[in-house]
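Reading through the structure tokens given below for one structure.
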Amino acid sequence: MAQVTLRSIEKRFGSTRVVKGVSLDIANGEFVSLVGPSGCGKSTLLRMIAGLEDISGGDLMIDGRRMNAVAAKRRNIAMVFQNYALYPHMTVAENMGFSLRIKGLPKAEIATQVRQAADVVGLGDYLDRLPRQLSGGQRQRVAMARAIVRHPAAFLFDEPLSNLDAKLRVQMRSEIKSLHQRLGTTTIYVTHDQIEAMTMADRIVVMNVGEVEQEGAPLTLYDHPESVFVAGFIGSPA
Ligand code: ADP
Ligand code: MG
């Protein structure tokens, strides 16, 4: 589990500042949801934390260690994307075990880890299937299991449920929540759906055009929004 600290994090693409000095302290084991309208910089911020994007300014610390230039694969942070990003030609088991194969773990060890992760997400009977033979929800579970096998210090989710229908979204919400309760892994969960954030997170961070507008416990934000923007965003229907 990891403590994640952001100090005045900035991101510029050319002359455009898309993340404008974001500071956040995320505790070990905390489930933080990052919300805000499309284009406000959520994915960019998450990608910087994951190490998939360079940081233009400020400091990123994981467990007190400065991470600005540390490569993604050395951070042990797992990211789960909206489009699953599964390898289409690999079976479920091969998808789940790929990162362990890269690490050079023995085959038997990989099989054990994959089986455990598959059980966590309820896909024990689907290990030999290909991604195209799975439903959207099952594909998202494969993506989660692929993250779980790495025993990451933190999970980063980028709108993982946006491609699923409403009923499945509700089910997956509680699956991700119980996964967090079970593993206790620090989680940053990006969504533009405030209901998702309200029901899942210990704390919600509301972003607007590259900045943190307000952060707090779900009910605090709901009861005491500090700006019309937050009130409109948190209070509006999904
Ligand atoms: P969100 O995830 O909140 O929808 P993003 O982080 O994807 O927002 O994008 C924030 C802003 O940065 C947007 O205006 C987007 O167009 C811009 N942006 C994102 N990635 C790039 C890139 N690689 N090059 C230039 N601009 C980018
Ligand atoms: Mg995004």
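According to the UniProt record's numbering, the stretch in the sequence shown is residues 1 to 238, in order.
Quick reminder that beta carbons are idealized off the backbone N, C-alpha and C, glycines included.
*Only counting runs of 3 or more residues, tell me where the beta strand (DSSP E) segments fall wholly within the region 34-97, in order along the chain.*
57-62, 77-81
_I want to know whether the region 206-222 touches the region 26-41 - three or more CB-CB distances under 8 Å._
yes
*Please classify residue 80: is it buried, with 16 or more other beta-carbons within 10 angstroms of its beta-carbon, or exposed?*
buried
*Would you check whether the ligand MG has a heavy atom nearer than 8 Å to the C-beta of residue 63?*
no
*If residue 111 sits next to residue 145, beta carbons under 8 Å apart, how far is it from one beta carbon to the other, in whole angstroms?*
At roughly 13 Å, the Cβ-Cβ gap does not stay under 8 Å, so residue 111 and residue 145 are not in contact.
*Give the range of the alpha helix (DSSP H) segment to which residue 183 is assigned.*
166-183
*Using DSSP with H/G/I as helix, E/B as strand and the rest coil, what is residue 126?*
coil
*Along the chain, where does the alpha helix (DSSP H) that runs through residue 138 open and close?*
136-148
_residue 165 classed as buried or exposed, judged by whether at least 16 other C-beta atoms fall within 10 angstroms_ = exposed
*Going by CA-CA distance only, name the one from 151, 222, 188 that's closest to residue 97.*
151
*With distances taken Cα to Cα, identify the nearest neighbour of residue 161 among 148, 200, 50.*
200
*Cβ atoms of residue 198 and residue 222: under 9 Å apart, would you say?*
yes
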